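Read in order, the letters of the sequence shown correspond to residues 180 to 335 in the working numbering.
Backbone N, C-alpha and C fix where the C-beta goes; we use that ideal spot for every residue, glycine too.
A quick note: this is a predicted structure, and the numbers were derived from the prediction, not measured.
Contents: one structure, followed by commentary.
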Amino acid sequence: MNRFFQSILFAGIVVVMAACDSHSVFDRYKPINKDVWNKDSVVVFNVPVTDTLQNNNLFINVRNTVDYRYSNLWLFVTIEQPGGETIKDTFEMVLADPSGKWLGEGFGGLKTREAIYRRNVFFPNSGDYTISLQQGMRNDELKGISDVGVRVEKVK
């Protein structure tokens, strides 16, 4: 099965699962052009927030091909609140264990890894929050990253 059909099948499964998840507030992926993430390329998510009382967990999701050369991925994360206040952070996603076994789920040559970025976060203002992700590896062109995503879910 080629990668295109794997992606379509996986996206369909994610949509069905997200529809069944009443705790999910936001769940989106954005593709990386030709599976090569340029160091200057920033992936931006606009997260609408209406509930300022509910605590949330923030997840960062990555889809990588099995051709990805590293066991981890460093990310620069920027969260901008409505009104302009900005939080900047560095986050390491571990994609493979020390033996090289991929930690993500998936079949074929594409693995999906979800990692908790922050627990029990509450959004102080309603409106659109902008979450930006930029790869922080030493390569100007990082090969093997297919998609990156952000998920926000209510704390159960």
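Which two residues bound the contiguous beta strand (DSSP E) that contains residue i?
i: Leu282; result: Careful: Leu282 lies outside any beta strand (DSSP E) and carries neither H nor E.
i: Val241; result: Asn234 to Thr244
i: Ile211; result: Premise fails: Ile211 is in no beta strand (DSSP E) and is neither H nor E.
i: Gly328; result: Ile324 to Lys333
i: Lys267; result: Thr265 to Val273
Is it buried or exposed, residue i, if we count other Cβ atoms within 10 angstroms and call 16 or more buried?
i: Arg242; result: buried
i: Lys290; result: buried
i: Arg317; result: exposed
i: Phe205; result: buried
i: Gly323; result: buried
i: Phe286; result: exposed
i: Ile310; result: buried
When DSSP labels each residue in this structure, what does residue i get in the three-state scheme?
i: Gln260; result: coil
i: Phe302; result: coil
i: Met316; result: coil
i: Ser311; result: strand
i: Leu252; result: strand
Requested in this report: Say whether the region 216 to 224 touches the region 299 to 306, bearing in mind that this needs 3 or more beta-carbon pairs closer than 8 Å, one atom from each stretch.
Outcome: no
**Report entry** At least 3 beta-carbon pairs within less than 8 Å: the region 320 to 332 vs the region 265 to 274
**Finding:** no
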